[in-house]
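Everything in the sequence shown is counted per my numbering, starting at 1185 for the first residue and increasing by one.
Virtual Cβ for every residue (Gly too), placed ideally from N, Cα, C.
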Amino acid sequence: MAEQLWKGRFTKAVDSRVNDFNSSIRFDARLYREDIAGSMAHAAMLGAQGILSYEDTDAILEGLEAILADLDSGALAIDPAAEDIHTFVEQALTARIGEAGKRLHTGRSRNDQVATDLRLHLRRRTAGLKAQLEELAGVLCRLARQHAGTVMPGYTHLQRAQPVTFGHHMMAYVRMLLRDLGRFDDAVARMDAECPLGSAALAGTTYPIDRTAAARTLGFAAACANSLDGVSDRDFCIEIAAAAAVCMMHLSRLCEELVLWASWEFRFIELDDAFTTGSSIMPQKKNPDVPELVRGKSGRVFGDLIALLTVMKGLPLAYNKDMQEDKEAIFDALDTLSLCLDTLSPLLASTRVRPEAMRAAAAEGFINATDCADYLAKKGVPFRDAYRITGGLVALCIRRGETLETLPLADYRQADEAFGEDVYEAVRLDRCAEGRACTGGPCAASVHKQIDAAEAALAARARARGGR
1185 MAEQLWKGRF TKAVDSRVND FNSSIRFDAR LYREDIAGSM AHAAMLGAQG
1235 ILSYEDTDAI LEGLEAILAD LDSGALAIDP AAEDIHTFVE QALTARIGEA
1285 GKRLHTGRSR NDQVATDLRL HLRRRTAGLK AQLEELAGVL CRLARQHAGT
1335 VMPGYTHLQR AQPVTFGHHM MAYVRMLLRD LGRFDDAVAR MDAECPLGSA
1385 ALAGTTYPID RTAAARTLGF AAACANSLDG VSDRDFCIEI AAAAAVCMMH
1435 LSRLCEELVL WASWEFRFIE LDDAFTTGSS IMPQKKNPDV PELVRGKSGR
1485 VFGDLIALLT VMKGLPLAYN KDMQEDKEAI FDALDTLSLC LDTLSPLLAS
1535 TRVRPEAMRA AAAEGFINAT DCADYLAKKG VPFRDAYRIT GGLVALCIRR
1585 GETLETLPLA DYRQADEAFG EDVYEAVRLD RCAEGRACTG GPCAASVHKQ
1635 IDAAEAALAA RARARGGR
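Written out as structure tokens, the structure reads:
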């Protein structure tokens, strides 16, 4: 078993069960790239400050580079008996370069080391997540452009309400995803503002280190302003988990609609066979397992956020072992979100939209009733009277099995003499959707403007990412 870095104080061996309970290597092993990057920045700073000799600094940097290459290639395996990734890297380094490896930890602690590693890791992970979110938003924009004029019922209370278009509906989710991207941007910007490296255990160090140089080497704006806060802060984990939870809530809402729309009761869409499953005893079934699982996994990510908040809520300053529980929760939240995004984009790209079913549902749902009342109001009938008259016409249609588009003009005129032949144009579903031309509305021109704006925002993000 790898030797504990802290064993000098103790005269009795730690119980093997405590070692297993205390160890974090099984989940923090994924931090090895960030741990090595942080150690290289720290070593370079120690050398520049004259705290380490040039010879030791060069040996440490070359040794760390070799360890990273061997870990990446698989030539070196992480020892599962190591207490944590920091211990493993330091002991692997010492085994390769000797005494110089033992000097790497000068002026730092595992407390500031893990706080730095975790920030670096989450920076990388969120960059990947944001790219996945941008991809999904792009898929939805393409669907919206294809169906900017496809009329469907808009719903309130899951009851058919007013006419919208499928493109308009898709763009509502694009707006949610753009806000999700903004939340991740904000959380990462705050996280990158301060680097905890050099805070040491809690009170800094007596060595003449240059914390600002190390921070900038690692891509942070500055060193953290308070060493106690530097090692005990996990706000960045909580903020990123919160952004992930809100994003999963949005994905869950979208998936709820996909499940409904793919059902025989709606038949608005048909999911591709490659993204559905069947039943072991019912041959006719085509189950929307992917959106159902995304919907279910949202609760898992919500739980990760609650776990992080619960871990942190009662901790005194500074570092406490409870904080080891931060990594599994934030890793799981981001892994789960990434898995969902990775599956949803191709599912939506392959989904077949059924405009005829949407149009039929729109016609049967009297979602043009408001337009009928507005027609009367524009003829001088007070809106409340127009509302009452239209409600009576809807009741008449239901009794006869008619729609407002097929109801004879004589019935209209019997309800109110203000009705004329032009009422049929006023209640035509396509016209009802197109007539809602206000900013953000469902008319095709408005939907195309929304798509253009969203695609421009996504392109700007891609350019900014390429420029870094």
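Buried versus exposed, by CB contacts within 10 Å (16 or more), V1354: In the sequence on display, residue 1354 carries Met and not Val. M1354 should be labelled buried.
Reduced DSSP category for T1390 - H, G, I as helix; E, B as strand; rest coil: coil
For M1229, the nearest candidate out of D1394, I1551, P1347 and D1526 (CA to CA): D1394
Rounded distance between the beta-carbons of T1300 and C1368, thought under 8 Å: The residue asked about is misnamed: residue 1368 is Phe in this sequence, not Cys. Actually they are not in contact, since the Cβ atoms of F1368 and T1300 sit about 20 Å apart, beyond 8 Å.
Supposed close pair A1602, L1642 - CB separation, criterion 8 Å: Wrong, their Cβ atoms sit about 48 Å apart, outside the cutoff.
In chain order, each beta strand (DSSP E) run of at least 3 residues that lies wholly inside the segment 1300-1370: 1335-1340 and 1343-1349
D1488 versus E1476 - alpha carbon distance: 19 Å
One or two residues paired with A1407 in a DSSP bridge: C1379
Residue range of the unbroken alpha helix (DSSP H) whose run includes V1578: F1567 to R1584
Short Cβ contact (8 Å threshold) for V1323 with A1533: yes
A1557 and T1574 closer than 8 Å at C-beta: yes
The segment 1244-1255 contacting the segment 1323-1335, beta-carbon criterion three pairs below 8 Å: no
Three-state class that DSSP yields for R1280 in the structure shown: helix
Local conformation of R1536 per DSSP, three classes: strand
Exposed unless 16 or more other CB atoms sit within 10 angstroms - verdict on S1342: For clarity, residue 1342 is Leu in the given sequence; the question names Ser instead. Exposed, because fewer than 16 other Cβ atoms sit within 10 Å of the Cβ of L1342.
For A1599, the nearest candidate out of R1584, T1590, L1613 and L1580 (CA to CA): L1580
P1626 beta carbon less than 8 Å from that of A1352: Reading off the sequence, residue 1352 comes out as His, not Ala. Yes. Within cutoff.
C-alpha distance - D1268 paired with T1520, whole-angstrom precision: 24 Å
DSSP three-state assignment for E1454, whether helix, strand or coil: strand
Under the three-state DSSP convention, the category N1206 falls into: helix
Meets three-Cβ-pair contact criterion under 8 Å: the segment 1509-1526 and the segment 1422-1432: yes
Three-state class that DSSP yields for N1295 in the structure shown: helix
Span separating the alpha-carbon of R1583 from that of N1471: 36 Å
Nearest-angstrom Cα separation, counted from L1591 out to L1613: 14 Å
Per-residue burial, I1453 [other beta carbons within 10 Å of its own, 16 or more giving buried]: buried
Contact the segment 1379-1386 vs the segment 1402-1417: 3+ CB pairs below 8 Å: yes
Own chain partners of Y1238 with C-beta closer than 8 Å, once the 5 adjacent residues on each side are dropped: G1231
Local Cβ density within 10 Å of S1630, reported as buried at 16 or more and exposed below that: buried
Segment contact flag, the segment 1390-1410 with the segment 1561-1570, C-beta cutoff 8 Å, min 3 pairs: no
Closest Cα partner of D1254 within the set P1264, A1265, V1273 and L1236: V1273
For T1461, three-class secondary structure by DSSP: strand
Contact under 8 Å by Cβ, L1525 with L1317: yes
Beta-bridge partners of N1471, as assigned by DSSP: T1461
Start-to-end residues for the alpha helix (DSSP H) that takes in K1562: A1553 to K1562
CB-CB length for L1386 against N1295, believed under 8 Å: 7 Å
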